[in-house]
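Colleague:
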Amino acid sequence: MKSILIQLDTDPQPSVFDRVVAIDAGIDHLFAYGGVTPETVESLVHGAIFTRGVTDLSQTAIFVGGSDVMAGERVFAAVQQAFFGPMRVSVMMDSNGSNTTAAAAVLRARRHVSLSGTVAVVLGGTGPVGQRAAELLALEGAEVRLGSRSQERAAATCATISARLPESRLVPVSTADPDSIPATLAGASTVIAAGATGVQLVSVEARSGAADLQVAIDLNAVPPLGIEGVEMTDKAVDRNGVACYGAIGVGGTKMKIHTAALKRLFDGSEGVLDNEAIYRIGESLES
């Protein structure tokens, strides 16, 4: 029985990046659909689940992607709602690479810091990658300072994560004033910059003044980078006692997680690969 991956993309044109990764993961057949909305999902899902016997559905899977993460979340939910009884296939959501990138960043940090009980800072924390990185750091037991230019948006994001992880410790922080960054980094062992492209969030002076900082991860690949002095190709580069990673330095791990998650889809027909599930797959690659 040949494997079939059905790519549901919320953009008009299905992502070439996601299609290449799927082929490199060894998928036999890839069906890619663009412009997918929650309203158009049901017929596509039914086409997937009614064409093979129940015992063969493990060789069909669905991948939800696209540049709009919120739209992807809605399609991801609609896909699961279209299943019933044993008529289901495994499904993965990684719109804009948000889940795999967040997983890679937190796993890189974990190589240098025992996160439980420490303070971690996520800048650009209300964006798609920032939200997911903050959730994973909280899952690891860190106290997370979630930074955003808007205090209100930061607080709303903290509330959303806390609803899923009631025991988490999240502190919303306004970073609209660059002078607030040193105080935000004070006592923190980890900082992940996941802000908009081309926006510097941490200056060299602020990073150098963060006495407790052990790892700095910048997920921005467009100059000026989010953390000044960190290069996009940095991979555990020691800069004044801080292990630094750039977007490309994290990218290799992200690609390994993405590929492994696609392969995991075909282990059965009931897999739901969301943020935490993808992180656990990445975690298994570390062992």
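Letter 86 of the sequence shown, counting from 1, is numbered 177 in the numbering used here, and no numbers are missing. For glycine and all other residues, C-beta sits at the position ideal for the given N, C-alpha and C.
What number of angstroms, rounded off, separates the C-alpha of Lys326 from the C-alpha of Phe122?
Modeller: Position 235 of the sequence shown, counting from 1, holds the residue named residue 326. Position 31 of the sequence shown, counting from 1, holds the residue named residue 122. Cα to Cα, the separation comes out at about 35 Å.
Colleague: Under 7 Å, do Ser239 and Thr217 count as touching if we go by C-beta distance?
Modeller: Your numbering for residue 239 matches position 148 in the sequence shown. Your numbering for residue 217 matches position 126 in the sequence shown. In this structure, Thr217 lies closer than 7 Å to Ser239 by Cβ.
Colleague: Which residue wins for smallest C-alpha separation from Val160, given the options Thr251, Asp119, Ser186 and Gln150?
Modeller: Stepping through the sequence shown from its first residue, residue 160 is reached at position 69. Nearest C-alpha to Val160: Ser186.
Colleague: State the DSSP-derived secondary structure class of Phe64, mapped to helix, strand or coil.
Modeller: Since the displayed the chain opens at 92 and closes at 378, residue 64 lies outside it and no answer follows.
Colleague: Using CA atoms only, rank isn't needed, just tell me which of Glu226, Thr101 and Gln150 is closest to Ile283.
Modeller: Stepping through the sequence shown from its first residue, residue 283 is reached at position 192. Of the listed residues, the one whose Cα sits closest to Ile283 is Glu226.
Colleague: Compute the Euclidean distance between the alpha carbons of Asp268 and Pro315, then round it to the nearest angstrom.
Modeller: The residue labelled residue 268 in the question sits at position 177 within the sequence shown. The residue labelled residue 315 in the question sits at position 224 within the sequence shown. Approximately 18 Å, taken between the alpha carbons.
Colleague: Rounded to the nearest angstrom, what separates Ile318 and Ser265 at their Cα positions?
Modeller: On the sequence shown, position 227 is the one that residue 318 refers to. On the sequence shown, position 174 is the one that residue 265 refers to. Spanning the two alpha carbons is a distance of roughly 17 Å.
Colleague: Can Ser149 and Asp119 be called in contact, C-beta distance under 7 Å?
Modeller: For the purposes of this step, residue 149 is identified with residue 58 of the sequence shown, where counting begins at 1. For the purposes of this step, residue 119 is identified with residue 28 of the sequence shown, where counting begins at 1. Not a contact, by the Cβ cut-off of 7 Å.
Colleague: Roughly how many angstroms lie between the CA atoms of Ser360 and Ala152, to the nearest whole one?
Modeller: Counted from its first residue, the sequence shown places residue 360 at position 269. Counted from its first residue, the sequence shown places residue 152 at position 61. So the alpha carbons of these two residues sit roughly 8 Å apart.
Colleague: Leaving out the 5 sequence neighbours to the left and right, which residues in its chain are closer than 6 Å to Gly320 when beta-carbon positions are compared?
Modeller: Your numbering for residue 320 matches position 229 in the sequence shown. For Gly320, where only same-chain residues beyond five positions count, the Cβ hits under 6 Å are Val295.
Colleague: Based on Cα-Cα distance, which residue from Ala168, Ala173 and Pro177 lies nearest to Thr146?
Modeller: Here residue 146 is taken as the residue at index 55 of the sequence shown, counted from 1. The shortest Cα separation from Thr146 among Ala168, Ala173 and Pro177 belongs to Pro177.
Colleague: Can you find the residues in the same chain that come closer than 7 Å, C-beta to C-beta, to Val180, ignoring five residues on each side of it along the sequence?
Modeller: In the sequence shown, residue 180 corresponds to position 89, counting from 1. Once the five neighbours on either side are set aside, the close Cβ partners of Val180 are Ala139, Ile140, Leu148, Thr151, Ala152, Ile153 and Ser360.
Colleague: Assuming Gly232 contacts Leu206 (C-beta within less than 8 Å), just tell me the rounded distance between them.
Modeller: Locating residue 232 in the sequence shown gives position 141, counting from the first residue. Locating residue 206 in the sequence shown gives position 115, counting from the first residue. Correct: roughly 6 Å between the Cβ atoms.
Colleague: Sort out for me which residues DSSP pairs Thr151 with in a bridge.
Modeller: On the sequence shown, residue 151 is found 60 positions in, with the first residue counted as 1. Ile95.
Colleague: What's the C-alpha gap between Glu322 and Arg201?
Modeller: The residue given as residue 322 occupies position 231 in the sequence shown. The residue given as residue 201 occupies position 110 in the sequence shown. Roughly 20 Å between the two C-alpha positions.
Colleague: Over the uninterrupted alpha helix (DSSP H) stretch that includes Gly340, give me the two end residues.
Modeller: Start at 1 with the first residue of the sequence shown, and residue 340 comes out as number 249. Run containing Gly340: Ala338 to Arg355, per the alpha helix (DSSP H) assignment.
Colleague: On a CA-only basis, which of Glu243, Cys249 and Lys354 is nearest Gly221? Give me that one, please.
Modeller: Residue numbering aside, residue 221 sits at position 130 when the sequence shown is read from its first letter. Of the candidates Glu243, Cys249 and Lys354, the one whose C-alpha sits nearest the C-alpha of Gly221 is Cys249.
Colleague: Counting C-beta neighbours from all protein chains within 10 Å, is the total for Asn331 16 or more, i.e. buried, or is it exposed?
Modeller: Start at 1 with the first residue of the sequence shown, and residue 331 comes out as number 240. Looking at its Cβ environment, which holds fewer than 16 other Cβ atoms inside 10 Å, Asn331 is exposed.
Colleague: Counting along the chain, where does the beta strand (DSSP E) carrying Leu261 start and finish?
Modeller: Counting from one through the sequence shown, the residue named residue 261 turns up at place 170. Where Leu261 is concerned, the enclosing beta strand (DSSP E) stretches over Arg260 to Ser265.
Colleague: Per DSSP, what kind of secondary structure is Ala250 in: helix, strand or coil?
Modeller: Taking the first residue of the sequence shown as position 1, residue 250 is located at position 159. Helix at Ala250.
Colleague: Name the two residues that bound the continuous beta strand (DSSP E) containing Ser181.
Modeller: By 1-based counting over the sequence shown, the position of residue 181 is 90. Segment Ser181 to Met184, the beta strand (DSSP E) holding Ser181.
Colleague: Considering only the alpha carbon of each residue, which of Ala312, Thr275 and Asp309 lies closest to Ala297?
Modeller: The residue labelled residue 297 in the question sits at position 206 within the sequence shown. Among Ala312, Thr275 and Asp309, the Cα nearest to that of Ala297 belongs to Thr275.
Colleague: Which class does Phe141 belong to by DSSP, given the choice of helix, strand or coil?
Modeller: Locating residue 141 in the sequence shown gives position 50, where the first residue counts as 1. Reduced to three states, the DSSP call for Phe141 is coil.
Colleague: So the candidates are Val127, Phe357 and Leu310; which of them puts its Cα closest to the Cα of Gly289?
Modeller: The sequence position of residue 289 within the sequence shown is 198, counting from 1. Of the candidates Val127, Phe357 and Leu310, the one whose C-alpha sits nearest the C-alpha of Gly289 is Leu310.
Colleague: In the structure shown, what three-state DSSP assignment does Leu237 receive?
Modeller: On the sequence shown, residue 237 is found 146 positions in, with the first residue counted as 1. In this structure, Leu237 counts as strand in the three-state DSSP scheme.
Colleague: For the 8 Å Cβ check, are there 3 or more pairs between the stretch 362-375 and the stretch 336-353?
Modeller: Yes, the stretch 362-375 is in contact with the stretch 336-353.
Colleague: Can you give the Cα-Cα distance for Ala211 and Asp358, rounded to whole angstroms?
Modeller: Taking the first residue of the sequence shown as 1, we reach residue 211 at position 120. Taking the first residue of the sequence shown as 1, we reach residue 358 at position 267. When rounded, the distance between both Cα atoms is 34 Å.
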